[in-house]
Amino acid sequence: EKGGWSSFMAKEISEEPEAVAKTLLGRVADGSVHLSELDSIGDDALRSIDRIVIVGAGTANFTGMQAKYAIEKWTRVPVEVELSHEFRYRDPILTPNTLVVSTSQSGETMDTLMAVKYARENGARTLSICNTQGATIPRESDAVVYTHAGPEVAVASTKAFVAQVIALYLFGLHLAVVRGTLSKDEVAEIVTELNALPDKMATVLEQHDSIKQLAGWMADTRSVLFLGRHAGYPVALEGALKLKEIAYIHAEGFAAGELKHGPIALIEPGIPVFVVVPSPRDPNSLHKKVVSNIQEIRARGARILAIAEQGDAAVLPYADVVIPIPLASTLIEPLLAVIPLQIFALELASAKGLDVDQPRNLAKSVTVE
Ligand code: F6R
250 EKGGWSSFMA KEISEEPEAV AKTLLGRVAD GSVHLSELDS IGDDALRSID RIVIVGAGTA
310 NFTGMQAKYA IEKWTRVPVE VELSHEFRYR DPILTPNTLV VSTSQSGETM DTLMAVKYAR
370 ENGARTLSIC NTQGATIPRE SDAVVYTHAG PEVAVASTKA FVAQVIALYL FGLHLAVVRG
430 TLSKDEVAEI VTELNALPDK MATVLEQHDS IKQLAGWMAD TRSVLFLGRH AGYPVALEGA
490 LKLKEIAYIH AEGFAAGELK HGPIALIEPG IPVFVVVPSP RDPNSLHKKV VSNIQEIRAR
550 GARILAIAEQ GDAAVLPYAD VVIPIPLAST LIEPLLAVIP LQIFALELAS AKGLDVDQPR
610 NLAKSVTVE
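Numbering (UniProt numbering), first residue to last: 250 to 618.
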């Protein structure tokens with residue numbers, strides 16, 4: 250079943266281009282986006298939504314964080330992202346114009362299910378983004394957009410992450426079309442980029458062996474940090490979670506701008522720091538700021554592993570290792586940058602002789618609160 254791969258996780262990472270392509274299939278046509286699944290909510294209701302709350306846990310919380318950048322930009326509807334297990338215990342403000350979007354690979358996570366039920370009972374509309382047909386969470390929701398990543402067997406989520414971000418992006422585009430917040434041309438341009446993503450992902454996957462070598466050198470590492478900024482920030486958190494989960498290594502993800510507010514004190518000679526570098530073409534010009542963060546921590550002895558756009562010459566002098574990713578716009582780039590981090594966690598755990606598919610203390614689907 251592993252089809253020649255050493256683990257399900259390795260196989261599932263290799264399936265990411267397909268997971269994206271299948272999640273896009275039939276939903277983007279002629280440069281536009283339509284999710285017929287949202288018909289059960291209806292365009293009038295979609296136009297009256299004044300707030301979106303995305304709830305999930307673990308990796309499925311980071312996809313919400315990722316999508317917030319896109320959905321707010323495209324629709325101008327405020328988006329909050331909240332851990333599902335925190336959400337219902339704080340008396341959240343819900344109205345019929347609140348759309349609660351849940352993200353769950355399994356569709357059975359009890360924390361997320363209870364958040365969805367709470368949202369419904371308190372008058373909000375609910376949309377489920379789920380990878381498992383007929384699971385409980387979609388059945389409890391007003392509408393469901395399935396990701397088509399295929400079954401995910403390894404406990405650590407990989408292909409479901411990218412498929413979930415794509416489904417949330419499609420939802421954002423659908424909403425933008427209905428609400429008229431993006432022009433036809435703008436939608437078409439984003440659709441073109443989404444369609445080009447699977448091939449770009451395949452070129453990142455070609456670097457598996459070189460990332461494996463990197464992991465081999467680091468088998469004795471005790472702590473790894475991950476930095477990202479803007480859309481690269483959730484990816485930094487995801488990279489850290491993967492490493493904790495399957496390699497049992499202390500790892501933390503930070504927003505790069507937060508460094509000087511505390512975490513820079515953790516930097517000591519030799520500590521590996523992965524940095525998700527924004528594109529030098531980023532319209533927010535965050536690239537320069539992240540490069541200067543790299544300089545600051547390098548001066549304190551950190552070993553820099555930069556995930557940067559191909560041909561980004563500015564990072565070269567300061568990085569110990571550069572993992573190049575193809576050119577992509579700010580909102581698409583994280584879907585490429587996450588792959589090397591997943592491969593790194595997989596290979597570091599393998600180098601330590603661990604069972605990557607069945608990490609200790611964890612279950613694939615957490616059906617208790
Ligand atoms: C991370 C991981 C967990 C799950 C979380 C939510 O690799 O596997 O953090 O993402 O338990 O699970 P689902 O998506 O099934 O609700």
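C-beta: ideal position from N, C-alpha, C; glycine also.
- In the DSSP annotation of this structure, the continuous segment of the alpha helix (DSSP H) that includes residue 488 starts and ends at 482-496.
- Between the region 517-524 and the region 463-479 there are three or more C-beta pairs closer than 8 Å, enough to call the two in contact.
- Where residue 417 is concerned, the enclosing alpha helix (DSSP H) starts and stops at 408-428.
- Per the C-alpha coordinates, the member of 279, 571, 299 and 506 positioned closest to residue 460 is 571.
- Around residue 373, the same chain offers 343, 347 and 349 as residues with beta carbons nearer than 6 Å, after the five sequence neighbours per side are excluded.
- Looking at 577, 435, 542 and 488, the one whose alpha-carbon comes closest to that of residue 407 is 488.
- For the options 400, 577 and 463, the alpha carbon positioned closest to that of residue 554 is the one of 463.
- Following the DSSP letters along the chain, one finds residue 499 in no alpha helix (DSSP H) but inside the beta strand (DSSP E) bounded by residues 499-504.
- Between residue 552 and the set 602, 559, 558 and 566, the nearest pair of CA atoms involves 566.
- Following the DSSP letters along the chain, one finds residue 522 inside the beta strand (DSSP E) bounded by residues 521-525.
- Contact check for residue 431 against residue 320 fails: the beta carbons are separated by 9 Å or more.
- It is roughly 32 Å from the alpha-carbon of residue 563 to the alpha-carbon of residue 413.
- The continuous alpha helix (DSSP H) containing residue 267 extends over residues 265-273.
- Restricting attention to 271, 411, 528 and 329, the CA atom closest to the CA of residue 560 is found in 528.
- For residue 276, the secondary structure class from DSSP, reduced to helix, strand or coil, is coil.
- Here the distance from the Cβ of residue 490 to the nearest heavy atom of ligand 1 is below 8 Å.
- Runs of beta strand (DSSP E) with 3 or more residues, each lying fully within the region 326-379, are found at 328-332, 347-353 and 374-379, listed in chain order.
- Rounded to the nearest whole angstrom, the C-alpha separation of residue 393 and residue 376 is 6 Å.
- Relative to the non-hydrogen atoms of ligand 1, the Cβ of residue 456 never comes closer than 8 Å to any of them.
- When the five nearest sequence neighbours on each side are left out, the beta carbons in the same chain lying within less than 6 Å of the beta carbon of residue 611 are those of 404, in order along the chain.
- Excluding sequence positions up to five before and after residue 307, its CB lies within less than 8 Å of the CB of 406 and 490, all in the same chain and listed in chain order.
- By the C-beta density criterion, residue 355 is buried, having at least 16 other C-beta atoms within 10 angstroms.
- At least one heavy atom of ligand 1 lies closer than 8 Å to the C-beta of residue 615.
- Shortest gap from the CB of residue 431 to any heavy atom of ligand 1: 8 Å or more.
- Distance from the C-beta of residue 307 to the nearest heavy atom of ligand 1 is below 8 Å.
- For residue 321, the three-state secondary structure derived from DSSP is helix.
- Where residue 297 is concerned, there is no enclosing beta strand (DSSP E), although the alpha helix (DSSP H) around it starts and stops at 292-297.
- With respect to residue 395, residue 558 sits apart: the two C-beta atoms are not nearer than 9 Å.
- In the DSSP assignment, the residues bridged to residue 281 are 278.
- Taking a 10 Å sphere around the C-beta of residue 338, we find fewer than 16 other C-beta atoms and assign the residue as exposed.
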